[in-house]
Each structure stands twice: as C-alpha cells, then as structure tokens.
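Peer 1: There's a structure below that I have some questions on.
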Amino acid sequence: MNFWNFAVLGTSFLAPIAGVLFFILKRERSQELEIKACLLIFGAAMAAAVAGIVHFNSPVKMEFLWPLTLEQSGYFEFSLQLFWSRFVWVFFMAAMFLAHMAYDGISFPREGHRKPGLLLVGSFAFALLAFLCENILLSLMFVEFSAFLLHAFGMEGEEGEIERASYFKRTCFVFLALVAVLGIALSREFSSSSVMLLGSVLYLFAVLVSRHTLTGWPQLPLLLVHIGMPLFLIERLMIGASSPELWAPLSAVFGLGVVVSAALCLLTPGMLGTAFWMAFSFLAYLLFLRFSSSKPGDPFWGGYEAVGLGAVYAIGVLFRFGDRLDLFWKRATAFGLVALFLGFVVGALPTVEMPATRFDSETTLIKIALLGFFTFMISAVSARGLMLSLEEKSKSASSRNTLARLAPSLVLLAAQTGALLKWHDLNFDDVAASGITGHLYDSRVLVTAAALLVGFLAGGLLGTNTGFVKWTKNRGRSMEDFFPVIDPAIVRRGLQAAQVSEQGIEWFSSRVRATGERAAGSLDETDRAVFGDKLFRGFSEYGSALSQITRFFQSGQTRAYLFLGALVTILSSLIFLLEGR
Amino acid sequence: MNADQLLLLVYLLLPFAAAFVPLGVRSGGLLSKGTSATAVRILILLALARGVVSLAGSVAVKTSLLHGYPLEILLTLNTFRYGFLVVAEFCFLLAHWMCPVSVPNEGLIRTLVCFAQGFCSLLLLSDNSVTTGGFLLMAGVVLFYLIRFSVPDKEEEIGAVVSARVHVLFFLLGLLMIAWGVTEFGSRDLVFGRATGSGLGLNLWLALVVLSIPLPPWSRWFSHAMEHLPEGVVLTLVTFLSGLALKAASLFNVSYPDLGWKQKLLLYVLGVIGCGFSVAGLFGAANQRRMLSCLPGFFFSIVLVSLGVSQKGLVLSAYFSCLFVPVLTGLALSAAAVADRGSLQRLFVGLLFALVMGVPGTPVYQIFSGIGARSLDLGVAYTTSFGLLWFFYFSTNVHICRRFFIDREAPSGERSVALPDGARAIFAGYGIFLLFLLIAVAQVAGRLL
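Protein chains in written order, with my numbering: chain A, 81 to 661; chain B, 6 to 454.
The structure is reproduced here in structure tokens:
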C-alpha cells in the first residue's frame with residue numbers, strides 16, 4: 081500500500097467528515113460561521129481533488145479491512161477506486177458547492193433549528209462516495225442519497241414548494257423509466273448492456289425533465305450538480321460495456337436535443353431562462369460528442385463532461401454579472417473567456433482536440449457537417465446570452481470586485497486546461513512532436529473552429545438586434561412554460577393518487593375481508609347443518625337411546641335379566657351352530 | 006444432562022415461571038418480572054455463546070410426550086437460531102419496558118407477553134413438526150388474549166376483529182404444520198428434514214409459508230394491530246411473527262433446497278405485491294403509527310422475495326429481514342415515544358435513519374445486496390424488478406423523512422407510553438445500543454452461516 085494513496089484519500093474525506101461533525105456538534109446557529117465553514121470545507125475538498133488528479137494516473141482499488149458486504153458474488157462489494165477522472169468529478173462537485181456558498185451563501189435561512197449547511201455537506205459526502213465507489217450499483221445508491229439531501233437543502237429556501245414539486249416529478253419519472261426498462265427487458269429486443277445503457281439514459285432524462293426553469297441564480301450550480309451525477313453514472317456504465325446498437329440512435333437523440341434546447345435558449349428573453357436552456361444544450365452537445373465518437377466508452381469522456389458542465393457554470397456567472405461589466409476591457413475579457421471555454425468544449429483549439437477518441441479515419445462528411453452545425457448552435461447561444469446580459473439594467477447599486485465575478489471562469493480555465501493536458505500527457509506521447517501546426521490543418525479542427533467563430537458572431541448579432549430581442553421579450557414567458565415554475569397541480573394530483581391508492585387498498589381489503597367473512601359464514605352454516613343438525617343430532621339421539629338401553633340393563637328389573645338371558649342364549653346358540661359347521 | 010442443556014432448559018422455562026410470579030411494576034415500568042426474566046435469559050444466551058457460536062455446535066434438549074409414539078419435544082439451539090434469539094430477547098426487553106402502565110389489565114398483559122416470549126423461543130427451537138404445530142396452536146390462544154386485553158375500551162370492536170383473526174390464523178397454521186409434518190416426515194419420527202417431495206406436502210408448505218407472513222393487502226389485521234395496539238404489545242407481536250417467518254424460511258433450506266421455479270416465482274410475485282401494497286399504504290397513511298406500520302409489512306414481504314430469488318442453501322436475505330423487522334419496529338416506536346429531542350435522541354434518530362436507509366454494512370444493505378446479486382444472476386428482468394423494489398423502498402424513506410423532519414407540520418400520533426424524563430434518555434441510549442447490536446449480529450451471523 082502506498083502512503084500517498086492513503087494520504088490523498090484521507091484528505092478527500094477529511095473535509096466532509098469534519099464538516100458533518102461540525103454541524104452536528106454545533107448547538108447554536110450562526111449564519112456567518114456556517115458560510116465560512118462551508119467555504120473552508122469545499123475549498124479543502126477541491127485541493128484534495130487536485131491532489132487526486134495529479135497523483136492517480138492509473139486506477140487504484142482500495143478495499144476495507146473488514147468487508148462490509150456478506151454477499152459472495154462481488155456485485156455489491158463496497159470498495160473505492162481512485163483514478164484521476166473520478167477526482168475531476170469530485171473537483172467539479174466541490175467547485176459547484178463552493179461557488180454556491182461564495183455567491184449565494186447569504187441566502188441561507190437565518191432562523192430555525194435546521195442546519196442547511198449539514199444537508200449541503202452531507203450531500204457532498206455522499207456524492208464523494210458515489211464518485212469514488214468502484215461498484216456502479218452503489219454509486220447509484222449514493223447518488224440518490226446525495227440528490228435527496230440536495231432536495232432537502234432546496235426545501236430550506238424560499239423556493240421550497242418548487243423544489244418539492246421538482247423532486248416529486250423526478251421520483252415519478254424515475255419510476256416510469258424503470259417500468260419502461262422492465263418492459264424493454266421483457267421484450268428481449270436488446271442485449272443486457274444495451275438495456276442498462278437505456279436505463280441510465282432514461283434516468284438522466286428523468287432528472288432533466290423534472291427540473292424547473294431557474295427562478296434564481298443560486299439554483300444554477302445545484303442544477304448542474306443534479307445533471308452531473310447521472311452523467312457520471314452514464315460514464316461508469318459506458319466503461320467496459322459494449323452496446324454499439326444504441327450509439328447511433330442516442331447520438332441522433334442528443335443531436336436533436338442540442339437543436340431544440342439551443343432554439344429555446346435563443347427564443348427565451350430572460351437571463352435565467354437563457355442559462356437554463358444553455359445548460360441543456362451544452363449537455364446534449366457533450367453527449368452527442370460521446371455517442372458519435374468511435375470510442376464512447378473511453379474514460380476520457382467523464383472528465384471532459386465534468387469540465388464541460390463547469391464551463392456552463394462559468395459562462396452562467398458571466399451572464400449573471402454581465403450588467404456590471406461596464407468598462408471595455410472587462411467586456412473584452414468576458415468575451416474572450418467565453419470564446420476560450422467554447423474552444424475547449426468543442427475541441428477547436430490546437431493541442432486540445434481529441435482526434436483519436438472523437439472520430440476515426442472513417443468519419444463521414446455528414447458527421448463533420450453535423451458537428452459544425454451543433455458547434456454553431458451552442459456558440460450562438462453563448463454569445464447571445466452574454467450580449468443580452470451586457471444590456472441588462474443593474475438592479476443593485478453596489479459594485480463588486482470584477483475579479484470576484486471572473487473567479488469561477490479563471491478557476492475553471494485552469495482546471496480545464498489542467499485536465500485536458502493531463503489526458504494528453506497520459507495518452508499521447510507525441511503531442512510535442514506533432515506540433516501545433518499539424519493540428520491546425522486538421523479538417524475537423526478547422527470546421528469546428530469556423531463554426532465556433534460564425535456561431536459566436538451570429539449569437540452576438542442576435543443579442544444586439546433590438547427587433548429580435550423585442551420580439552422574444554414580447555413572447556413573455558412562453559418558453560418557460562415548458563417547465564412550469566410552480567406546479568402545485570402535480571403535488572395535488574400526487575396526493576390524490578396516494579389517496580386513491582389508499583382507497584384502493586381499503587376497497588380491496590374490504591372485499592377480501594367480506595369474502596372471507598362470507599366464506600367463514602358459509603363454513604359456519606355448513607358446519608351447523610352437517611355436524612350440528614345431522615351428525616350431532618344423530619349421534620346424540622343414538623347416544624341417548626344407547627344410554628336408555630344401558631340404564632335399562634342396569635336397572636335390576638326382572639325383565640332386564642330375562643332379556644339378557646335370552647340374548648346370551650341366542651348368541652351362544654349362534655356361536656355353537658357356527659362352530660359346528 | 007450437561008451444563009449447557011441445563012442452561013437451555015432454564016432459558017426456555019424462565020418466561021413461563023416469571024408469568025406466575027406475582028410481582029408488581031417498579032420504576033415507571035422499567036423494572037418488572039418480565040424484564041428481570043428477560044435479563045436472565047440474555048445472560049444465559051451469552052453463557053451459551055461459546056458452545057453454539059465459537060465452536061459452531063448445537064445444544065439440544067429432548068423429552069417424549071407419549072412413550073412409543075414419535076411425539077416428542079425436541080428443541081435444538083444452533084448458530085442460526087442463536088443470532089435471532091439474541092436480537093429477539095433484546096426486543097422483548099424493550100417490549101416489556103413499553104408495556105402500558107396503569108391500565109385495567111396491566112398485570113394480565115405483562116403475563117401474556119411473558120407467555121408469548123416463551124412460545125416464541127419454543128417455536129423457533131422446535132424440530133418436531135407435530136410439536137411445532139402444537140406450539141402454534143397454543144401461541145394463537147396467548148396472542149388472542151394478549152390482543153383482546155390490551156386494546157383500549159373505545160376500540161373494542163377492532164380488538165375483537167384482530168384477535169379473532171390472529172386466533173384463526175394460528176389455529177390454521179398449527180393444523181397446516183401438523184398436516185405437513187405427517188405428510189412429509191411421517192416416516193422419520195416427524196422430525197424436520199429433507200422432504201419426500203410429495204405434491205401435497207409441497208403445497209402445504211407453500212400455504213404455511215405464505216400464511217406465516219402478514220402479507221399486504223390480505224393481512225389487514227396486521228396493520229390494524231400495528232396502528233391500534235399499545236407499543237409493547239405491537240413489538241411482542243412483531244417479534245413473534247418474525248420468529249414464525251424465520252421458522253418458515255429456514256424450513257425451506259432444510260426441506261426444499263431445490264424448489265421448482267414455478268413455486269419460487271409464486272413466492273416472488275406474492276412478495277413483490279406485498280412490498281408494493283406496503284409502500285402504497287405508507288404514502289396514503291395519515292398518522293405516524295400507520296406510516297410506521299407499513300415498514301415491517303414491507304420487510305415481511307421481502308422474506309418471500311428472498312425465497313423467490315434464492316438459489317440453494319440458506320437464504321441470508323430472509324434471515325436478515327427476520328432479524329431486522331423486530332428491531333426496526335422497536336426502534337421506530339422508541340423514536341416516536343422519545344419525541345422531545347435532546348442531543349442523544351437526535352443522534353439516535355440520525356443513526357436509525359442511516360440504518361433504515363441501508364448504508365453499507367447495515368442489515369438493510371445485506372438484505373438488498375443478497376436479493377440484488379441473485380436478481381443480477383437471474384437476468385435483466387429480475388434486475389429491473391429489483392431496481393424498482395429498491396427505488397420504492399428508498400422513496401418510502403424519503404417520504405417518511407420529509408414528513409417527519411422537513412415538513413412544517415409533522416403527522417399526528419398517539420402514544421400510549423408515558424415516559425418519565427430520565428427514561429427518554431435511557432430509551433434513546435438503548436436504541437443506539439440495539440442498533441449496533443443488530444449490525445454486529447448480522448455481520449457475525451453472515452460470516453458463520
């Protein structure tokens with residue numbers, strides 16, 4: 081056992097465990113102290129994750145000295161796998177929570193005996209377990225735990241009812257997804273691995289469809305965390321699974337997803353709606369890239385998707401504070417950062433494109449054209465959003481430090497660069513040898529770079545075109561209506577459904593009870609008729625007659641003796657006669 | 006008769022002896038003849054641990070009821086039964102503590118709890134089929150009067166219905182057990198063993214297993230009992246039923262290790278239906294007691310699911326379910342009773358929640374991992390069905406947690422246990438102890454069996 085393995089693992093778990101203990105043992109609530117504690121915990125977790133990314137180039141399995149499961153097959157063995165791509169997810173999660181606390185910690189409820197910080201740290205602890213757990217089934221279990229704690233955290237805020245409706249929808253959709261998977265499995269049309277992959281994709285859809293349009297900026301990092309966890313599960317399932325029959329249909333579905341969500345994003349007037357749909361379009365784009373590549377199961381994709389989601393958050397932060405970017409250099413920096421992130425995500429920059437994993441030599445022209453089109457769409461979405469945010473009127477007079485607003489972008493930039501260089505370092509020894517110019521002439525890089533530039537310009541133009549902006553604003557909140565903000569009807573219907581099920585059970589039970597009572601009644605009747613009326617009466621009459629005869633023979637009367645004598649004589653004669661024959 | 010046999014005999018007779026001792030209740034219900042007898046029984050079990058657990062042996066006592074006939078009382082304590090009895094005794098201790106105080110039939114209730122406790126161990130240890138049937142018949146009478154006398158006057162009608170149901174059920178179970186024993190083991194002195202495999206015997210056994218488990222929606226009496234009876238009586242009833250379920254499940258291993266797939270599918274489907282109805286009942290429940298009453302029903306149904314997916318050998322998931330149900334019931338009732346929460350009580354509730362959620366290492370985790378592993382082997386349809394089952398269970402816990410801890414208005418609940426201030430901390434501490442004891446017993450038992 082390597083000392084550094086233990087050290088990195090211990091450091092990773094130290095922060096959440098210390099945080100949980102802190103919140104449990106602390107008696108009095110203090111908002112400021114809680115925020116500081118959370119910042120410290122998530123900051124330490126980020127540092128530990130960086131150490132994990134640097135240290136674990138190859139997977140290391142860590143088992144407990146005392147195995148927690150008694151099951152011999154190993155399906156549910158609880159062990160941890162330490163690998164750099166998993167620590168990228170840990171980093172992403174910690175960064176999202178840290179950003180939430182840094183920008184929106186002030187929205188913590190001030191009163192009440194509940195501890196929202198405990199829920200957040202608990203959620204992170206379970207997510208950490210999910211990301212590092214070797215067993216995918218246990219990862220799923222920990223993801224559910226984490227999602228529930230996050231839901232409980234969301235219910236502490238002002239938007240509790242929305243969160244409640246959202247979680248309810250999530251549960252219903254996951255249930256429906258499971259039923260659908262069961263149906264697919266029973267149809268025997270697909271292989272086991274394909275069914276599992278379908279299940280994980282449906283799980284992701286269930287999470288996506290359950291989310292509501294953002295009603296506040298604090299929800300953006302939590303939305304990305306919600307999206308990130310099922311994405312991680314898909315990554316886990318894809319590694320080692322062979323289900324090529326589904327890759328093309330899934331890439332088509334996600335390609336369509338890019339178009340639809342980007343279109344909705346372009347038509348949405350508000351910044352929150354724009355950020356919401358942008359997250360969806362980026363997600364669909366990342367999954368399109370995975371499933372349209374020749375190696376969707378490559379471990380690279382997990383870390384790539386994590387930094388892709390991080391890019392969404394960084395761009396979202398620029399959207400949020402765009403109205404305060406008053407000077408030219410600030411705006412130029414913001415545009416530059418967004419362009420750089422897009423370059424990273426689409427792989428249009430030299431030395432960071434992924435020719436070996438994304439497309440092979442047999443890549444068709446149509447695929448490249450589609451890639452260019454989708455790149456154009458997400459670039460347009462990002463540029464339009466940024467342009468709109470610059471035009472937004474500032475609601476607050478207070479001016480914050482610009483660097484603070486750019487901080488997530490800078491952190492993500494460093495992380496993204498580090499992760500991609502790490503991947504290159506592990507997979508391509510000849511990067512330096514091939515040189516930048518070699519990559520620049522690659523047709524795919526050129527197509528994506530061109531699509532990015534055109535999309536960026538088109539998005540910027542759409543954002544500044546007053547006619548288009550007015551038209552979208554006049555449409556009101558119609559785009560948001562796809563995902564209602566508050567959906568009390570669903571909650572009400574859910575409660576009604578629960579009552580109906582209870583009534584159904586009551587009805588069924590009463591039927592069963594009534595049938596049982598009827599059966600018992602008929603049994604009783606039969607018993608009385610057969611045993612009571614016939615047999616018992618017959619026996620009792622026979623018994624009383626026998627008793628009378630017995631009493632008669634024991635009465636001492638002359639007639640009894642005479643009768644007995646005659647009976648004995650007859651029997652003796654009978655026996656004598658029979659013996660004689 | 007050696008020392009171990011003597012100890013076992015004392016262990017078995019102690020609750021019956023305690024039932025006739027005319028002692029009152031001291032210290033707010035915490036010290037009584039029942040608790041004293043249970044404490045001694047626990048000590049005896051600990052003394053027997055070396056022979057039964059460490060040396061993996063067994064202790065048996067045997068006596069004949071009728072000379073010349075195979076009617077004998079054959080009671081054997083082995084590792085398998087030992088684990089359950091240890092947990093059950095601690096649950097009975099809690100049940101004695103939670104028995105109602107200052108009610109009209111208080112003394113009678115405590116005496117009947119002692120009887121139920123005694124019959125539970127006799128039932129579990131008995132190896133003669135006809136004698137086991139006899140124990141079931143007698144236990145039915147005990148439980149009938151226990152329920153009848155413990156129901157408050159205002160709910161007399163429900164008490165009458167529930168007690169009648171229990172009596173009829175146990176009468177039927179007793180007859181079934183005797184009939185099954187005569188059919189399958191008539192040629193082997195009526196002692197449980199590998200069944201001859203006759204169709205009648207198999208059907209009798211299936212009926213016995215299904216009837217032994219209070220399966221929703223047919224066992225409405227069980228949810229009524231959980232909702233309306235005092236906490237101590239509920240815990241006694243659940244512990245007894247767990248012992249019965251364990252007996253039925255363990256007989257599967259002994260008598261039908263290679264059960265046909267049709268019979269297994271029947272058990273599996275019935276189990277899944279039971280789980281589904283338990284979960285649906287919980288979501289529709291209006292008060293605390295009704296909500297909490299659904300979880301034991303779920304785990305009882307899980308016993309059938311475990312048998313349905315079993316391969317060969319001992320069904321550990323069913324064993325863990327039977328271990329878990331009484332503790333879960335006891336802890337849930339304790340948690341509801343210690344409503345005013347200090348730091349110890351909060352810790353107790355938190356640990357209980359971790360236990361119920363199924364964190365790795367806990368019995369719930371063992372139960373689901375056992376069923377899940379077999380489901381994975383049986384194909385993707387079983388796997389998905391298992392996923393649904395787990396997801397239902399998880400959602401159930403989420404619902405309970407949200408209703409109790411997150412919602413502004415927690416569900417209403419009535420408590421028949423009036424605890425003094427000091428007792429609340431004792432209950433919470435005992436709950437934490439019971440929780441860790443269960444985990445330890447499950448871990449050790451799982452490795453030994």
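Even for Gly, the Cβ is constructed at its ideal location relative to N, Cα and C.
Nothing here was measured: the structure is a model prediction, and the numbers come from that model.
Note down, in chain order, each residue of its chain lying with its Cβ closer than 7 Å to the Cβ of B:Arg86, except the 5 sequence neighbours on either side.
Peer 2: Around B:Arg86: Leu129 and Leu130.
Peer 1: So what's A:Leu145 in DSSP terms, helix, strand or just coil?
Peer 2: Coil at A:Leu145, not helix or strand.
Peer 1: Can you tell me where the alpha helix (DSSP H) with A:Glu315 in it begins and where it stops?
Peer 2: Counting along the chain, the alpha helix (DSSP H) containing A:Glu315 begins and ends at Gln299 to Met318.
Peer 1: Taking the Cβ atom as the reference point for each residue, do A:Arg250 and A:Ser290 lie within a distance shorter than 7 Å?
Peer 2: Yes. Within cutoff.
Peer 1: Just list the residues that DSSP pairs B:Thr68 with in beta bridges.
Peer 2: DSSP lists B:Ile78 as partners of B:Thr68.
Peer 1: What residue range is occupied by the uninterrupted beta strand (DSSP E) comprising A:Ser165?
Peer 2: A:Ser165 -> not in any beta strand (DSSP E); alpha helix (DSSP H) instead, spanning Trp164 to Asp184.
Peer 1: Which residues in the same chain as A:Trp297 place their Cβ atom closer than 6 Å to its Cβ, once the five residues preceding and following it in sequence are excluded?
Peer 2: So the list reads Arg400, once near-sequence residues are dropped.
Peer 1: Just the Cα atoms here: how many angstroms apart are B:Ala22 and A:Gly234?
Peer 2: Cα to Cα, the separation comes out at about 57 Å.
Peer 1: Listing by chain order, which chain A residues have their CB less than 9 Å from the CB of B:Arg46?
Peer 2: Neighbours of B:Arg46 on chain A: none; closest Cβ ~27 Å, over 9 Å.
Peer 1: So is B:Ala359 in contact with chain A if we call contact Cβ pairs under 7 Å?
Peer 2: So no, B:Ala359 is outside the interface.
Peer 1: Compare the C-beta of A:Ser290 with all C-beta atoms of chain B and state if any pair is closer than 7 Å.
Peer 2: It does not: the Cβ of A:Ser290 has no partner Cβ on chain B nearer than 7 Å.
Peer 1: In chain order, what residues of the region 6-17 of chain B put their CB closer than 8 Å to some CB of chain A?
Peer 2: Answer in chain order: no residues at all.
Peer 1: Thinking C-alpha only, which one of B:Ser283, B:Thr81, B:Val91 and B:Leu12 is nearest B:Val446?
Peer 2: Residue B:Val91 is the option with its Cα nearest to B:Val446.
Peer 1: When the Cα atoms are used, what is the spatial distance from B:Ser126 to B:Leu336?
Peer 2: Taking the straight line joining both Cα atoms gives about 21 Å.
Peer 1: Straight-line CA distance for A:Leu304 to B:Leu383?
Peer 2: Near 36 Å, if we compare the C-alpha coordinates of B:Leu383 and A:Leu304.
Peer 1: Where does A:Gln161 fall in DSSP's three states?
Peer 2: A:Gln161 falls in the strand class under three-state DSSP.
Peer 1: Would B:Ser374 pass as an interface residue toward chain A - the criterion being a Cβ-Cβ separation below 7 Å?
Peer 2: For B:Ser374, the answer is yes, since a Cβ of chain A falls inside 7 Å of its Cβ.
Peer 1: Within the chosen definition, does the region 105-117 of chain B reach the region 138-145 of chain B through at least 3 CB pairs nearer than 8 Å?
Peer 2: Flag = no, the region 105-117 of chain B and the region 138-145 of chain B do not touch.
Peer 1: Provide the residue(s) that pair with A:Val140 in DSSP beta bridges, ordered along the chain.
Peer 2: A:Leu162.
Peer 1: Skipping 5 residues on each side, what residues in its chain have a beta carbon closer than 6 Å to that of B:Val354?
Peer 2: If we look at B:Val354 and ignore the five residues flanking it on each side, its Cβ neighbours are Ala340.
Peer 1: Given a limit of 7 Å on CB to CB distance, which residues of the region 304-334 of chain B reach chain A?
Peer 2: Going along the region 304-334 of chain B in chain order, one finds Leu321 with a Cβ nearer than 7 Å to chain A.
Peer 1: Flag B:Ser400 as yes if its beta-carbon sits less than 7 Å from any beta-carbon of chain A, otherwise no.
Peer 2: Judged by the 7 Å Cβ criterion, B:Ser400 is in contact with chain A.
Peer 1: To the nearest angstrom, report how far apart A:Leu302 and A:Leu160 are at their CA atoms.
Peer 2: One C-alpha to the other measures close to 25 Å.
Peer 1: Please state if the CB of B:Ser134 and the CB of B:Phe190 are separated by a distance shorter than 7 Å.
Peer 2: It is a contact, given that the beta carbons lie within the stated cut-off.
Peer 1: Only counting runs of 4 or more residues, tell me where the alpha helix (DSSP H) segments fall wholly within the region 106-156 of chain B, in order along the chain.
Peer 2: DSSP runs (the alpha helix (DSSP H)) wholly in the region 106-156 of chain B: 111-130 and 134-155.
Peer 1: For the region 243-257 of chain A, list every residue whose C-beta sits within 7 Å of some C-beta in chain B, in sequence order.
Peer 2: Residues Thr251, Val254 and Phe255.
Peer 1: Expressed to the nearest angstrom, what Euclidean distance is found between the alpha-carbon atoms of A:Pro564 and A:Tyr393?
Peer 2: Because A:Pro564 carries a pLDDT of 46, less than 50, the predicted location of this residue cannot be relied on, and the following value inherits that uncertainty. If you take the alpha carbons of A:Pro564 and A:Tyr393, they lie about 22 Å apart.
Peer 1: Closer than 8 Å is the cut-off here; do at least three beta carbon pairs connect the region 217-232 of chain A with the region 305-315 of chain A?
Peer 2: With a cut-off of 8 Å, the region 305-315 of chain A and the region 217-232 of chain A count as touching, because enough Cβ pairs lie within range.
Peer 1: Does the region 371-383 of chain B come close enough to the region 143-160 of chain A that 3 or more CB-CB pairs lie under 8 Å?
Peer 2: Yes, the region 143-160 of chain A is in contact with the region 371-383 of chain B.
Peer 1: Just the Cα atoms here: how many angstroms apart are A:Pro83 and A:Pro196?
Peer 2: With the sequence shown as reference, residue 83 of chain A is identified as Phe, and Pro is not the correct amino acid for it. Cα to Cα, A:Phe83 sits roughly 35 Å from A:Pro196.
Peer 1: If you follow the alpha helix (DSSP H) that B:Leu234 is in, where does it begin and where does it stop?
Peer 2: Run containing B:Leu234: none; DSSP gives neither H nor E here.
Peer 1: Locate the alpha helix (DSSP H) running through A:Arg411, then write down its first and last residues.
Peer 2: It spans Phe408 to Val426 - the alpha helix (DSSP H) in which A:Arg411 sits, taken as one unbroken run.
Peer 1: Going along chain A in order, which residues have a C-beta closer than 7 Å to the C-beta of B:Ser385?
Peer 2: Note on residue identity: the sequence assigns Val, not Ser, to residue 385 of chain B. Under the 7 Å cutoff, chain A gives Ala265, Ser272 and Val275.
Peer 1: Does the separation of the CB atoms of B:Val308 and B:Ala254 fall below 7 Å?
Peer 2: Closer than 7 Å, so yes.
Peer 1: Are the region 354-373 of chain B and the region 260-277 of chain B in contact at 8 Å, needing three or more beta carbon pairs?
Peer 2: With the cut-off at 8 Å, the region 354-373 of chain B and the region 260-277 of chain B do not touch.
Peer 1: Return yes when the Cβ of B:Ala323 is within less than 7 Å of the Cβ of B:Ser306, no when it is not.
Peer 2: For B:Ser306 and B:Ala323, no; Cβs fall outside 7 Å.
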